[in-house]
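*Asks:* Structure below; questions to follow.
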Amino acid sequence: MALIAFSLIAAVVVLAAMFVIAARNPVHSVLWLILTFFSAAGLLVLIGAEFLAMLLVVVYVGAVAVLFLFVVMMLDVDFVEMKQGTLRYWPFALLVGVILLAELALVSVAGGSVPTGNMDASPSAPTNAEAIGYVMYTDYILLFQLAGIVLLVAMVGAIVLTLRHKPHIKRQDIAKQTGRRRVDAVELKDPTPGQGI
Amino acid sequence: MSNAIESLGSLWGPLLVLGQIGLFTLVLLLSIAFLLLLDRKVWAGVMMRKGPNVVGPFGLLQSFADFGKFLLKEIVIPAGANKAVFLMAPILTCTLAFVTWAAIPVAPGTETGTSWVIANLNVGILYLFAISSLGVYGIIMGGWASNSKYPFLGALRSAAQMVSYEVSIGFVIVTVILLVGSMNLTTIVNNQDGGIQNWHVFSFQYFPLILVMLPMFVIFFISALAETNRPPFDLPEAESELVAGYQVEYGSTPYLLFMLGEYLNIVLMCAMMTILFLGGWHGPIALGPELTANLPPLLLSLAGLAWFMGKVLFCFFLFALVKAIVPRYRYDQLMRLGWKIFLPTSLAAVIIVAGYVTFVGGLS
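Protein sequences, first through last, are from chains V and U. The first sequence runs 0 to 196 under numbering that gives the first Met the number 0. The second sequence runs 0 to 363 under numbering that gives the first Met the number 0.
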C-alpha cells in the first residue's frame with residue numbers, strides 16, 4: 000500500500016517538476032511548482048515526517064509560492080522569447096545534472112547514516128515536533144542560532160535596500176484622523192444673501 | 000469462509016472512512032444551505048427587512064431554490080480566459096474547503112481521549128492551518144484566469160490580505176499550542192474540560208492568562224473575518240469598487256463552488272474558534288464522573304455534538320452580525336491593522352505565554 004502511494008506521489012512530483020520547466024506560460028510554471036511542493040509534502044507524510052510535511056505546505060506552498068505567483072503574474076515576461084537559444088547551454092546543464100546524480104549516488108552508496116523519519120507510531124514515542132525540537136535545541140543549537148542571524152541580516156538588508164526617505168511625502172496619521180472632532184472639522188456659517196462670506 | 004470474513008474485515012476500515020466522509024459531506028452541505036439562509040436573515044433583521052421569505056415556510060427552502068438555479072444556468076467562459084485555470088480555481092477552492100474537515104473532531108468518543116473525527120492527526124492544528132492557507136490559490140487563479148481587470152485587482156488584494164492575516168492567526172494558534180503542549184485537536188479540546196472557566200478564552204486553570212487569551216480570541220476572530228474575506232474586510236470583492244472582485248466573470252456552477260467554498264471556510268473558522276478557545280464539545284458546567292458514569296456513552300457523545308454545533312452556530316451568528324453592522328475598512332487601514340497592531344500583539348502574547356509555561360508551569 001505504502002509502495003503504491005509512494006510510486007503515485009513520486010510520479011506526480013517528477014512529472015510536475017518537468018512541467019515547471021516545460022510550461023510555456025510562466026504562471027502555469029508556478030502552478031506546477033506548487034503542485035510539486037505539495038506532492039513533496041505527501042512524500043514526507045509517507046516516511047512519517049508529518050510535522051515537516053505540514054511546515055513545507057505552510058511555508059512554501061502557503062506563503063512563499065503565493066508571493067512568487069504574485070510577482071510572476073504582475074510581470075509581463077515573454078517566456079517563449081526568453082527560452083530561445085537556451086539549447087546553447089546544454090553542456091552546463093549536463094554538468095550540473097551529472098554532479099547532482101553523482102551526489103545522490105554517493106549518498107545512497109554511503110547509506111546507513113541517512114536519517115529516516117520517525118516511523119514509530121506507538122503513543123509513547125515522541126511526536127515529530129518534539130523530536131525535532133530536542134535535536135534542534137541541543138545538538139544543533141549553534142547552527143540554529145546562526146541560521147537565525149543569517150535571516151536577520153537578510154531582513155535588515157532588504158529593509159536597507161528598499162527604505163527611502165523622500166522629503167515631500169504625505170503620510171496618513173491614523174491617530175490624527177480618528178482623533179478629529181466635529182468642532183475642529185465643521186464650522187457653521189450664516190451668510191447673508193447677496194454678500195456671501 | 001473465515002478467509003472471506005477476514006478480507007471483509009480488512010475492507011471494513013476503508014469503507015468506514017468512506018462512510019464517515021460521506022456523512023460529513025452530507026451534513027456540511029445541508030448545514031451550509033441553512034447557514035446561508037441564517038446569514039441573510041440576520042443581515043435582513045439588522046436592517047429591519049424580512050429577508051428571503053417566499054420559498055417554503057419562512058424562506059427555509061431558499062438555498063435549495065438558489066442551488067437549482069445555479070446548476071441549471073449556462074456556464075459562460077470569457078473569450079480571453081485561460082480555460083483550464085479558470086475552471087480549476089472554483090473546484091480547488093471548494094475541494095480544499097471540504098478537505099480541512101477531515102481533521103475536525105466534532106464530539107467526544109465513547110472512550111476517554113477519543114473523539115468523532117475522520118483522521119485524528121498528531122499535527123491536526125497545523126494541518127488545518129496549512130490547508131486553509133492554500134485557499135488563497137483558488138482566488139488568485141480565478142482572478143488571473145478571468146483575463147479581466149477587476150477580478151485581477153480583487154485577486155491581488157485578496158492574496159496580500161490573506162498572507163498578512165495568516166501570520167497573526169499562526170501566532171494565536173501558537174499560544175494555544177504552548178498552553179496545551181500538543182497539536183492534536185482532540186487533546187486541545189480535552190485540555191478545556193471542567194467547566195466554562197477552563198475554556199482557553201478564559202483560561203482560569205492558568206490564572207492570570209485570561210488577560211492574554213481573551214485578547215487573543217478577539218484577534219483570532221477579527222483575523223478570521225479577514226482570512227475569509229468577510230465584511231468589514233471584503234475588499235477583494237468590494238462591489239462599490241471592484242464590482243464583485245475575483246468572481247466577476249463567474250456564474251452558474253463555478254460561482255456556486257466558489258460560494259460553497261467561501262461559506263465552508265467561514266464555518267471552518269467558527270469550528271476552529273470553538274476548538275481552540277470555546278472548549279469544543281465541553282458544556283459550560285462540568286458534569287462529575289459520578290453523574291456521567293450512569294449515562295450511556297452514546298448520549299454523552301450526542302450531547303457533546305450538540306454543544307459543538309451550538310458553539311459553531313454562535314460564532315457564525317457573530318460573523319453574520321459583523322457583516323450587517325460594521326462598515327468596510329479602507330485597504331491601508333486593513334494592512335495597518337494586520338501588520339502594525341495584530342502582529343506585534345500576538346507576538347508579545349506568544350512570548351508571555353511561553354514565559355508562563357516555562358516559569359509558572361503548565362506543560363506536563
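Glycine is no exception: its CB is placed at the ideal position from the N, C-alpha and C atoms.
Which residue's Cα is closest to the Cα of P283(U): W306(U), N264(U) and L267(U)?
*Replies:* If we check each option's Cα against that of P283(U), W306(U) comes out closest.
*Asks:* Going along chain U, which residues have a C-beta under 8 Å from I173(V)?
*Replies:* Those within 8 Å of I173(V) in chain U are Q332 and R335.
*Asks:* Please name the residue or residues paired with S114(U) in a DSSP beta bridge.
*Replies:* DSSP lists P107(U) as partners of S114(U).
*Asks:* Identify each residue in the segment 59-77 of chain V for which the Cβ-Cβ distance to at least one residue of chain U is less than 9 Å, and report them in chain order.
*Replies:* Within the segment 59-77 of chain V, the qualifying residues are V60, G61, A62, A64, V65, L66, L68, F69, M72 and M73.
*Asks:* What span of residues does the alpha helix (DSSP H) with Q144(V) cover, start to end?
*Replies:* Q144(V) -> alpha helix (DSSP H) spans I140 to T161.
*Asks:* Which residues in the same chain as P185(U) place their Cβ atom closer than 8 Å to its Cβ, once the five residues preceding and following it in sequence are excluded?
*Replies:* Note on identity: in this sequence residue 185(U) is Thr, with Pro being the wrong assignment. Excluding residues within five positions, the ones whose Cβ falls inside 8 Å are P104, G112, T113, S114, V116, N119 and G123.
*Asks:* Based on Cα-Cα distance, which residue from L36(U), P77(U), F69(U) and V41(U) lies nearest to V53(U)?
*Replies:* When each option's Cα is compared against that of V53(U), the closest is L36(U).
*Asks:* Flag V56(V) as yes if its beta-carbon sits less than 8 Å from any beta-carbon of chain U, otherwise no.
*Replies:* Judged by the 8 Å Cβ criterion, V56(V) is in contact with chain U.
*Asks:* Whole angstroms is fine: what's the gap from G195(V)'s alpha carbon to D189(V)'s?
*Replies:* Going by the C-alpha atoms only, they are around 9 Å apart.
*Asks:* Of the residues that make up the segment 117-128 of chain U, which ones have a beta carbon closer than 8 Å to any beta carbon in chain V?
*Replies:* If the cut-off is 8 Å between Cβ atoms, the segment 117-128 of chain U has L120, N121, V122, L125, Y126 and F128 near chain V.
*Asks:* Please tell me whether V19(V) has its Cβ less than 8 Å away from any Cβ of chain U.
*Replies:* For V19(V), the answer is no, since every Cβ of chain U falls outside 8 Å of its Cβ.
*Asks:* Give the residues from the segment 39-56 of chain V that approach chain U closer than 9 Å (Cβ to any Cβ), ordered along the chain.
*Replies:* Of all residues in the segment 39-56 of chain V, A40, E49, F50, A52, M53, L54, L55 and V56 have a Cβ within less than 9 Å of some Cβ in chain U.
*Asks:* Please compile the residues from chain V whose C-beta is within a distance smaller than 8 Å of the C-beta of E165(U).
*Replies:* Those are G61 and A62, listed as they occur along chain V.
*Asks:* Can you tell me whether W143(U) is buried or exposed, with buried defined as 16 or more other CB within 10 angstroms of its CB?
*Replies:* Under this definition W143(U) is a buried residue.
*Asks:* Which same chain residues end up closer than 8 Å to L297(U) when comparing Cβ atoms and leaving out the 5 residues on each side of it in sequence?
*Replies:* Here the set comprises T109.
*Asks:* Taking 8 Å as the CB-CB cut-off, is A15(V) touching chain U?
*Replies:* No, A15(V) does not count as interfacial toward chain U.
*Asks:* Residues of chain V with CB closer than 7 Å to the CB of A158(U), please, in chain order.
*Replies:* The contacting residues are V65 and F69.
*Asks:* Just the Cα atoms here: how many angstroms apart are I3(V) and G21(U)?
*Replies:* Distance between the alpha carbons of I3(V) and G21(U): 24 Å.
*Asks:* Between V135(U) and the rest of its own chain, which residues show a CB-CB distance below 6 Å, the 5 nearest in sequence each way excluded?
*Replies:* Counting only Cβ-Cβ distances below 6 Å, and skipping sequence neighbours, we find A158 and M161.
*Asks:* Taking 8 Å as the CB-CB cut-off, is A262(V) touching chain U?
*Replies:* The structure shown does not extend to residue 262(V), since chain V is modelled only from 0 through 196, so no value can be given for it.
*Asks:* What is the rounded straight-line gap between the Cα of L125(U) and the Cα of Q61(U)?
*Replies:* C-alpha separation (whole angstroms): 36 Å.
*Asks:* Could you check the C-alpha separation between V70(V) and F358(U) for me, to the nearest Å?
*Replies:* Near 45 Å, if we compare the C-alpha coordinates of F358(U) and V70(V).
*Asks:* When the Cα of A106(U) is compared with those of T273(U), F316(U), F151(U) and M215(U), which residue comes out closest?
*Replies:* Among T273(U), F316(U), F151(U) and M215(U), the Cα nearest to that of A106(U) is on T273(U).
*Asks:* Please report the Cβ distance between L267(U) and S131(U), rounded to the nearest whole angstrom; I am assuming they are in contact, meaning their Cβ atoms lie under 8 Å.
*Replies:* Confirmed, Cβ separation roughly 7 Å.
*Asks:* Identify, in the order they occur along the chain, each residue of the same chain with its Cβ nearer than 6 Å to the Cβ of A40(V), setting aside the five sequence neighbours on each side.
*Replies:* Hits under 6 Å: A52, L55 and V56.
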